[in-house]
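One structure below.
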Amino acid sequence: MTIQRMDNVGIVVDDLDAAVAFFTELGMELEGRAPIEGSWAGKVVGLADLRSEVAMMRIPGAAGRLELVTYHSPKAIVAEPEISPPNTLGLHRVMFTVDDIEDTLARLRPHGAELVGEVTRYEDSFLLCYLRGPSGIILGLAEELG
Numbered sequence: 001m002t003i004q005r006m007d008n009v010g011i012v013v014d015d016l017d018a019a020v021a022f023f024t025e026l027g028m029e030l031e032g033r034a035p036i037e038g039s040w041a042g043k044v045v046g047l048a049d050l051r052s053e054v055a056m057m058r059i060p061g062a063a064g065r066l067e068l069v070t071y072h073s074p075k076a077i078v079a080e081p082e083i084s085p086p087n088t089l090g091l092h093r094v095m096f097t098v099d100d101i102e103d104t105l106a107r108l109r110p111h112g113a114e115l116v117g118e119v120t121r122y123e124d125s126f127l128l129c130y131l132r133g134p135s136g137i138i139l140g141l142a143e144e145l146g
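Just so we're aligned: the sequence shown equals residues 1 to 146 in full-length UniProt numbering.
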């Protein structure tokens, strides 16, 4: 048995509208948005009385999606510390390759993006950086050089 594809990465956010606006500015498209609730949904994730809303984001012309979800019931919990450093165990970073890293940062800053470190050159291959977005999400950005 083999894996057919990676369908999506799920990210829990506290403000779904802000997260959709952030990832739209990054260059993704909103594929769809819907409430998810009921016993079937609660059974899948192991939460009773589940009420949530999901926004599916995609990169135009590319495979893979981000599933942004906000929980209305039960409310999302905040991990300690609230803003986790990059070496925290578990899933917490998504990396995107962009055409122009400085332009991308300039467009994302009005949506709350903050650099975690700094934009750094890796040999003659890439400009790289980590930035923090909505709900403390860490994104990696890479710009391929020459």
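Every residue gets a Cβ at the ideal spot worked out from N, C-alpha and C, and that includes glycine. Since the model is a prediction, treat every value here as computed from it, not as a measurement.
From the options, residue whose alpha carbon lies closest to that of residue i
i      : options                         : result
Ala113 : Arg58, Gly136 and Val94         : Gly136
Asn8   : Val54, Leu141 and Gly42         : Val54
Leu145 : Gly133, Met95 and Thr120        : Thr120
Tyr71  : Gly133, Ala34 and Gly64         : Ala34
Ala18  : Thr97, Arg109 and Glu82         : Arg109
Ala21  : Phe96, Arg132, Met57 and Ile83  : Met57
Ser73  : Pro134, Asp99, Gly38 and His111 : Gly38
For residue i, the residue or residues it bridges with in DSSP
i           : result
residue 147 : Outside the shown range of the chain (1 to 146) lies residue 147, about which nothing can therefore be said.
8 Å Cβ cutoff, residue i in contact with chain B
i      : result
Arg107 : Of the protein chains in this structure there is only one, and it is not chain B.
Between the CA atoms of residue j and residue i - distance to the nearest angstrom
i           : j      : result
Ile36       : Leu66  : 16 Å
Leu105      : Glu25  : 10 Å
Gly117      : Tyr130 : 7 Å
Ala122      : Leu128 : What sits at residue 122 in the sequence shown is Tyr, not Ala. Rounded to the nearest angstrom, the two C-alpha atoms are 7 Å apart.
Arg93       : Ile138 : 5 Å
Leu141      : Asp49  : 37 Å
Trp40       : Ser52  : 13 Å
Ile77       : Ile11  : 13 Å
Asp15       : Ile101 : 25 Å
Ile59       : Phe126 : 21 Å
Arg107      : Glu80  : 30 Å
Gly61       : Met28  : 10 Å
Leu30       : Leu115 : 25 Å
Gly64       : Met6   : 6 Å
Gly32       : Phe23  : 13 Å
Asn87       : Leu47  : 28 Å
residue 150 : Ile83  : Limits of the chain in this structure are 1 at one end and 146 at the other, which puts residue 150 out of reach.
Val69       : Lys75  : 11 Å
task = Could you name each continuous beta strand (DSSP E) segment of 3 residues or more that falls completely within the UniProt domain "VOC" (5 to 144), going from the start of the chain to the end?
result = Runs found: 8 to 12, 29 to 37, 51 to 58, 65 to 73, 93 to 97, 120 to 122, 126 to 132 and 138 to 144.
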